[in-house]
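Chains as they are written, first to last, in the numbering used here: chain W, 566 to 787; chain C, 22 to 764.
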């Protein structure tokens, strides 16, 4: 399967993401500049982490209005898989592809550390390589990862099994409501998560727990 | 005719930090009264920060070359060969004064400045470190400064996208009125594609790139060359404001542009912005420069020539380009939505000319402004040496003392700090902060990695600047060695008080002598650096703080050593130590924290032993004999063992040292010592064989215990659980900072 990584000015984990996709699929992803209005024909679109536009308005708010985002929305509607990690998750909530918002961390501090993630729903294209209830290691690195949704939205995403990952074992690093670390859209083909699975895919990273997420999304045997 | 408004008065000259002799030198050089803009230019170029006028004589005595050194001091950063056609580019620089005035922006722009120094040379930044020194935790400003500086370092580096892999945080009341923020960055480049600042060719375009010019930071370099008084808050407008988003775009645009072959010379605009960058490029290339300020992109209206020449607006570069590549270069910068403007050209007359609103406002000799600026041989006196420790110390319980030391402000875990830095971005971090040195692998290479460490013990330097200077180099070299790396070269960031005081100048001279001696003995040259003088407030100087940051090369990252014990049942050895394990308590953390004393001389560094011991330890790591190594530094052997236990969650049973001097054995700060633990040995070697090899190498090595269980037992002292150690070690910082929120 083919993939694309979207690059915004200020993206900075794009290189990590490209390295992860290349390592896992054996092929380098297409890199698409945010001003493009045509997406290549791919099966997986990834919006990487970083500080698009410096996060100067609200994290992700300006990038969510980039020319390429209209194409991504249309592709998602066709069922193309879309993954947003960290700033990518923020962009997807700002753009309305995913429910909820990401607020400043409850500590008000940037946090970079390893946390534990529980796989809540393994019946998505991204989580099929994990067992339901499995607990993963995964690093986080963000200032605005405090997930919030109003009670009705929250009830809907819980009822619809849209919570893909929760922070586990008391490791919620940012105050996210219901310990939510990653959510999907209703159809399940769009996933956003704050942690960085792309930084835990090889022995040199100290573990490979992130690998199965990309392998699932690209339908490669892990 | 150069208009002269306002009038040049003695007060105006003094306000520009130029003394009478220096002003006379200006008059002699140009044969007339300088214009206001020219006065500003002289002040910017001849201040301590830019000209190194007090320090140059002594900096020349440092070793700066070596078989791997491709570029020593004098460029934006040093460059060292790491094989395979690759080079590591690095430097450390202070941003002390701005960070005290406005901690977030001061620290942020310090990080921005050092990153720019590195990518100006064509290198992509791959690692950062920060050596931070604050006043006493009890001082009313300290919490505010720690919070602002740490957030500023993180805010810039995280957004830019470079992992912070190490650094230091220290508290001492001598920094109450003058904190230190020393920022280090390293980047990776192709060894044959290093970009320099020396302009070449007459009549070529001088191009301005990056962000627009505003009034921020006007006079910053002059401010950084003066002492602080009580009017410090009035200086806030001289602090620049950082924009990491623009810097990230500038990085990508510069690297993209460099690939096109358009760049002849490049210089970032740091201290004294447009003035310093233009003069340096011209002076180095023996060329004149003419600038037309009406072409400079500005973000404020009605800026004067003086303001534009002295602005320290961030994220700006100056380049000399091949004219035929200008359209291609412009397209790159337009893609990244950055300013690109041809603002001048090179000339053959060695003059620095500035045109503003069609009028010449400066016309100065470029060499005398730049590389031929004034130089001083300041008077200095020999530092007094400290009397040996006298009087017996009251008996202490080793376990209680250990818990108290590792939970004290200066020895407690710095996790609260480094968790605010992105330590993982780029996916190459192998050893995170908290070890001896940070390690990142070399992207694109199968096995290579680089190790980074930043060190200095200012209390040692205050007690004996010569030994303290030696020790800073030795400890940096040792920390790098402890990962298995070969130390390649170092950068120095020399922070001292007012050099016009002979005793401060004496500290500086002696520290440099010590640094030079250690660098020569260890083959660890200084390839870049920065001097920060006048670190005084109301006449009180900081502790002499010559920070040394070094880089080492690990050929095979599979043979990397970390500080964590590898498992239970490993044999623990102490290497490089005297027969009684430890003997020296002068200036130690134990003396300071347990007995509230800071007397005695610091430990001396036997450089031959340091070299032999380090080389032996490195050999053991590279042979795979050990994966667990930690150096003994602040707090001595007991603290080293506690850190190894905490990092692994595994305890140890340590034998009782020979002799009765338990405090010396466990808390002494003798130098050149490492602790290693060894699991299963290969079939053809046993422990006696290992000890024999050490003996043959002339390196003291002694078996001191075994890893076991989940408690640390030091001789007859009561066992302390690793959990209690961790609680003591991890609690102080968050509780001091009143950490809110979760975890």
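Cβ atoms here follow ideal geometry from the backbone N, Cα and C, with glycine treated the same way.
Segment limits, alpha helix (DSSP H) that includes residue i
i	result
residue 757 of chain C	743-758
residue 44 of chain C	41-51
residue 163 of chain C	163-181
residue 581 of chain W	579-590
residue 82 of chain C	No alpha helix (DSSP H) holds residue 82 of chain C; DSSP gives it neither H nor E.
residue 642 of chain C	628-643
residue 663 of chain C	657-669
residue 327 of chain C	326-331
Residue environment, residue i, which counts as buried when at least 16 other CB atoms sit within 10 Å
i	result
residue 447 of chain C	buried
residue 405 of chain C	exposed
residue 692 of chain W	buried
residue 737 of chain C	exposed
residue 58 of chain C	buried
residue 142 of chain C	buried
residue 22 of chain C	With a pLDDT of 42 at residue 22 of chain C, under the threshold of 50, the predicted position of this residue should be treated as unreliable, though the coordinate-derived value follows. By the neighbour-count rule (16 or more Cβ atoms within 10 Å), residue 22 of chain C is not buried but exposed.
residue 598 of chain W	exposed
residue 559 of chain C	exposed
residue 673 of chain W	exposed
residue 324 of chain C	buried
residue 617 of chain W	buried
residue 603 of chain W	exposed
residue 661 of chain W	exposed
residue 697 of chain W	exposed
residue 752 of chain C	exposed
Chain W within 9 Å of residue i, Cβ atoms only
i	result
residue 442 of chain C	yes
residue 175 of chain C	yes
residue 625 of chain C	no
residue 763 of chain C	Interpretation of residue 763 of chain C is limited by its pLDDT of 38, a score under 50 that renders its predicted location unreliable; no figure is taken from the coordinates.
residue 133 of chain C	no
residue 562 of chain C	no
residue 22 of chain C	Reliability of the predicted coordinates at residue 22 of chain C is poor, the pLDDT of 42 falling under 50, and no value is obtained from them.
residue 337 of chain C	no
residue 351 of chain C	no
Closer than 9 Å to chain C by CB, residue i
i	result
residue 676 of chain W	yes
residue 580 of chain W	yes
residue 713 of chain W	no
residue 710 of chain W	no
residue 615 of chain W	yes
residue 594 of chain W	no
residue 664 of chain W	no
residue 743 of chain W	no
residue 706 of chain W	yes
residue 683 of chain W	no
Neighbouring residues, chain C, relative to residue i (Cβ below 9 Å)
i	result
residue 599 of chain W	Correct list: empty, because the minimum Cβ distance to chain C is about 11 Å.
residue 660 of chain W	Under the 9 Å cutoff, chain C gives no residues; its nearest Cβ is about 20 Å from residue 660 of chain W.
residue 777 of chain W	Those within 9 Å of residue 777 of chain W in chain C number zero; the least Cβ separation is about 17 Å.
residue 522 of chain W	This structure leaves residue 522 of chain W out entirely; chain W is present only between 566 and 787.
residue 763 of chain W	448
Amino acids of chain W, ordered along the chain, whose beta-carbon sits closer than 8 Å to that of residue i
i	result
residue 655 of chain C	In chain order: nothing, as chain W lies at least about 25 Å away.
Proximal chain C residues relative to residue i, where beta-carbon distance stays under 7 Å
i	result
residue 770 of chain W	448
residue 584 of chain W	448
residue 652 of chain W	Correct list: empty, because the minimum Cβ distance to chain C is about 10 Å.
Per-residue contacts from residue i into chain C (C-beta, under 8 Å)
i	result
residue 603 of chain W	In chain order: nothing, as chain C lies at least about 17 Å away.
residue 577 of chain W	180, 181, 182, 269, 446
Element boundaries [beta strand (DSSP E), containing residue i]
i	result
residue 632 of chain W	Element bounds for residue 632 of chain W: not the beta strand (DSSP E) but the alpha helix (DSSP H), 632-642.
residue 229 of chain C	226-231
residue 712 of chain W	711-713
Contacts of residue i in chain W (Cβ-Cβ under 9 Å)
i	result
residue 358 of chain C	574
Residues from the region 261-282 of chain C in contact with chain W, defined by Cβ distance under 9 Å: Here the close residues are 264, 265, 266, 267, 269, 270, 273.
Using a Cβ-Cβ cut-off of less than 7 Å, list which residues of the region 439-472 of chain C approach chain W; keep chain order. When CB distances to chain W are screened at a threshold of 7 Å, the residues of the region 439-472 of chain C falling below it are 440, 441, 442, 443, 444, 445, 446, 447, 448, 451, 462, in chain order.
To be precise: take each residue of the region 738-752 of chain C, compare its Cβ to all Cβ atoms of chain W, and keep it if any distance is under 9 Å. Which residues remain? The residues in question: there are none.
Anything in the region 176-191 of chain C with a Cβ closer than 8 Å to a Cβ of chain W? List those residues in chain order, please. Contact residues of the region 176-191 of chain C toward chain W are 176, 179, 180, 181, 182 (C-beta to C-beta distance below 8 Å).
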